[in-house]
Amino acid sequence: MLVSVKDSISSWFRIEGRGISGYAFIIHRLTGIVLTAYIFLHLAFLTSLTEGESAYTSLIEKTVNIRFLPFDILLIGVTIYHSLNGLRLVIAEFFVTRYHRELFVIFIIVGVVIWIFTSYLLYRFVVV
Amino acid sequence: MEEREVTFIVKRFYRNEWREDRYEFKAVRGMTVLDGLFHIRDNIDPSLSFRASCRMGICGSCGMVINGKAMLACSTQIFDLGTDVVRIEPLRNMEALKDLISDFDDFFEKHRRVKPYLIRKEEKSIEEGEYIQTPDELRKYRQYSLCIKCGLCYDACSITGSNKEYLGPAALASACRFIMDSRDQGEDERIPLVSDHTGCWRCHFMAECSEVCPKEVDPADAIQKLKRKALIYSLKRLFRR
Ligand code: SF4
Ligand code: SF4
Ligand code: FES
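Quick mapping for you: the protein sequence lines, in order, are chains D and V. Per the numbering used here, the first sequence starts with residue 88, numbered consecutively. Per the numbering used here, the second sequence starts with residue 12, numbered consecutively.
This is the structure we're talking about:
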């Protein structure tokens, strides 16, 4: 039986009455959607290469600068969350199912540390 | 005895139409949401429909969504909700039949599909006696056998909401209950049933099913066990070929 897109989306993003794992799921879906959209954007960027190196370089110059830094930092955060939470799910599914909440807290702390560090590296790359 | 004026806002379904009705009444400490619904039906609006039977968290018929979360109305005290406005709606992810009554046909059909009974390759005769089980063997599945088929997990699971073919947490927990039973020999029949695209691999381990389960069955845990069983089963089959 098919479910309408509206019903699917509303059941994924229902916030009321959820616990920590429910929120983890909702953010996982959201970050997944953002990353899918980004992949298309990235491919569109690469396609500009077909119009010659100068088209690509001018696009890069427009986007690799301080104005886009907040978006890049956000994108790194989204990527780190999605990958670490995916890893947490695999570990919880196959090894330590009962401790999935504790794993979530650990992975969030590790993720924030990685996020701060990579954001700093990016800042240095773009600004310094 | 402590008394408080409370408002029940009930989302009702009748003849293909949804509407919300508000009921105000005095609740006393100890009154459950189900008591409140009976009070409304007996004193304010006799047309209000809901399911209930045991009134003590055993039969699984009074599942509904109370302030956004699936709960048993008979096991939820009004004063414990921390608000005087109680919003009630029928379980989601199922068709509504009337008011707070949801259609469980699909839920039970999926339950039947996982063969929720002991399968034996060869049966013992009555003279040979019962199938003996040690306490440790019982512990492996006992928790999963406590399910009262209330459907709260079915409401909480987003994957059930977006994929109507998915067997859902209760049916899969039930499959796990029999697969983990030392008396059962139905692995070859049941594992393929629960490990296809409608089964355990469809579960994204959101674990909300376990959050709402009133009997602490922990269906999310059962489903992850099924995944491991299914993986080992298919590896074994691969090498058997
Ligand atoms: S753990 Fe699986 S069955 Fe339970 S709510 Fe999540 S997706 Fe649904
Ligand atoms: S697993 Fe829990 S929530 Fe789901 S039907 Fe059984 S008792 Fe109800
Ligand atoms: S009335 Fe039986 S579980 Fe609530």
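Idealized CB from N, CA, C, for every residue including glycine.
query	result
Buried or exposed (CB count within 10 angstroms, at least 16 for buried), Val44/V	buried
Own chain residues within Cβ distance below 7 Å of Glu139/V, not counting five before or after	none
Beta carbon proximity, Glu189/D to chain V, threshold 8 Å	no
Minimum Cβ-Cβ distance from Asp94/D to chain V less than 8 Å	yes
Glu100/V: CB within 7 Å of a non-hydrogen atom of ligand 1	no
Ile89/V Cβ short of 7 Å to ligand 1 heavy atom set	no
Three-state secondary structure assigned by DSSP to Val165/D	helix
Ala84/V: CB within 7 Å of a non-hydrogen atom of ligand 2	no
Interface flag, Asp147/V vs chain D, CB-CB below 8 Å	no
Interface residues of chain V facing Trp99/D [CB-CB closer than 7 Å]	Ser169 and Ser173
Nearest residue (CA-CA) to Ile203/D, options Val215/D, Val213/D and Leu161/D	Leu161/D
Ile128/V: first and last residue of the uninterrupted beta strand (DSSP E) it sits in	Reading off the sequence, residue 128/V comes out as Tyr, not Ile. Premise fails: Tyr128/V is in no beta strand (DSSP E) and is neither H nor E.
Interface residues of chain D facing Lys121/V [CB-CB closer than 8 Å]	Per Cβ cutoff of 8 Å: no residues; Lys121/V is ~12 Å from chain D at best.
Below-8 Å beta-carbon distance, Ala131/D vs any chain V residue	no
CB of Arg211/D within 8 Å of CB of Phe194/D, strictly	no
8 Å Cβ cutoff, Glu138/V in contact with chain D	no
Cβ of Thr184/D within 8 Å of any chain A Cβ	In the structure shown, chain A does not exist; the protein chains are D and V.
Chain-ordered chain V contacts of Ser108/D [CB-CB under 9 Å]	Phe216, Met217, Ala218, Glu219, Ser221, Glu222 and Ala231
Cys161/V versus Lys247/V, Pro146/V, Ala182/V and Glu141/V, residue with shortest Cα-Cα distance	Ala182/V
Coarse secondary structure for Val90/D, derived from DSSP in three states	coil
Where Trp29/V falls, given that 16 or more other Cβ within 10 Å makes a residue buried	exposed
Where the beta strand (DSSP E) containing Asp110/V begins and where it ends	Careful: Asp110/V lies outside any beta strand (DSSP E) and carries neither H nor E.
Proximal residues of chain D, C-beta to C-beta of Arg239/V below 7 Å	Phe181
6 Å Cβ shell around Phe90/V - same chain, five flanking residues per side excluded	Arg40
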